[in-house]
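K.L.:
Counting from 2, one number per residue, gives the positions in the sequence shown under the numbering used here.
This is the structure I have questions about; it appears just below.
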Amino acid sequence: MNMARLNDAAWINDGDELENLLYKIKKARNNAMHESLEITKSEFEEKTKELREDLIATLTKAKERFGKSDTELKKEIDNIEVVMNRITGEPLDLDDFLREYHSELQEHIISRVADQLKKHSTYGKHVNPLSFLTTNKVQLPINKIYTKIKVMQGRLEGKEKIVDHLDLIKLVQGQSTKPQVLVV
């Protein structure tokens, strides 16, 4: 048998034996799943560094014990590096997430709101400007009133753009440090 029995002390005694390394990884997994989810960035970096080291040490011990090749070991270590780098590169909190994906979110919000405006504007294609004065049902098509609207997008870059009346959704910065959505 290549592994110690389950009741063997090799599993829980500190050291660099394969069994103990596997136990440490299992313990780290249990702690991550069942303990508090709040963690600082430096604590997260330290724990992922320890986990990376334990995973690589475990693979190295397994290679020796089970007679695997250096090529197989390198392939598995490379897989761990890819996954660990992806995990450590992900944003941890909302502020990190917003910094990371600001432009994608901005484009998505503008696109979704514009789609909603187009969908809902089909119900209001006419304006009755004199309804309070007359009983006539004067209906002006909106696109006859607002056909070409010039709006500026960005931080006063001077780039004017013709926008269809159904596309009046733009992200504006104004004096605020936080973006605001302007729907007209």
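Quick reminder that beta carbons are idealized off the backbone N, C-alpha and C, glycines included.
Please return the same chain residues whose Cβ sits closer than 6 Å to the Cβ of residue 29, not counting the five positions on each side in sequence.
P.N.:
Counting from 1 along the sequence shown, the entry for residue 29 is found at position 28. 52, listed in sequence order.
K.L.:
Any idea what DSSP makes of residue 100, helix, strand or coil?
P.N.:
Counted from its first residue, the sequence shown places residue 100 at position 99. Helix at residue 100.
K.L.:
Measure how close the beta-carbons of residue 21 and residue 67 come, nearest whole angstrom, since I'm counting them as under 8 Å.
P.N.:
Taking the sequence shown and counting its residues from 1, the one referred to as residue 21 is at position 20. Taking the sequence shown and counting its residues from 1, the one referred to as residue 67 is at position 66. With 8 Å as the limit, residue 21 and residue 67 do not qualify as a contact, their Cβ atoms being about 17 Å apart.
K.L.:
Pull up the distance between the alpha-carbon of residue 85 and that of residue 42, whole angstroms please.
P.N.:
Mapped onto the sequence shown, residue 85 falls at position 84. Mapped onto the sequence shown, residue 42 falls at position 41. Their backbone Cα atoms lie some 15 Å apart in a straight line.
K.L.:
I'd like the ranges of any beta strand (DSSP E) spanning at least 3 consecutive residues and lying wholly in the segment 33 to 112.
P.N.:
none
K.L.:
What number of angstroms, rounded off, separates the C-alpha of residue 108 from the C-alpha of residue 24?
P.N.:
Sequence index remark: in the sequence shown, residue 108 carries index 107 (1-based). Sequence index remark: in the sequence shown, residue 24 carries index 23 (1-based). Going from the Cα of residue 108 to the Cα of residue 24 covers about 46 Å.
K.L.:
How many Å lie between residue 7 and residue 101 at the Cα?
P.N.:
Here residue 7 refers to the residue found at position 6 of the sequence shown. Here residue 101 refers to the residue found at position 100 of the sequence shown. When rounded, the distance between both Cα atoms is 45 Å.
K.L.:
Put residue 14 into one of helix, strand or coil per three-state DSSP.
P.N.:
The count along the sequence shown starts at 1 and reaches residue 14 at position 13. Residue 14 falls in the coil class under three-state DSSP.
K.L.:
Suppose you measure from the CA of residue 116 to the CA of residue 90; what does that come to, to the nearest Å?
P.N.:
Indexing the sequence shown from 1 puts residue 116 at position 115. Indexing the sequence shown from 1 puts residue 90 at position 89. If you take the alpha carbons of residue 116 and residue 90, they lie about 33 Å apart.
K.L.:
On the CB-based measure, 16 or more other CB atoms within 10 Å of its CB, does residue 55 come out buried or exposed?
P.N.:
Position 54 of the sequence shown holds residue 55. Classification for residue 55: buried.
K.L.:
What three-state label does DSSP hand residue 183 in the structure shown?
P.N.:
On the sequence shown, residue 183 is found 182 positions in, with the first residue counted as 1. Note on residue 183: pLDDT 49, under 50, position unreliable in the model; the coordinate value appears next. Reduced to three states, the DSSP call for residue 183 is strand.
K.L.:
Alpha carbon to alpha carbon, how far is residue 32 from residue 114?
P.N.:
Here residue 32 refers to the residue found at position 31 of the sequence shown. Here residue 114 refers to the residue found at position 113 of the sequence shown. Their backbone Cα atoms lie some 42 Å apart in a straight line.
K.L.:
Assign residue 234 to one of two classes, buried (16 or more other C-beta atoms within 10 Å of its C-beta) or exposed (fewer than that).
P.N.:
Because the chain here runs from 2 to 185, residue 234 falls outside it and cannot be looked at.
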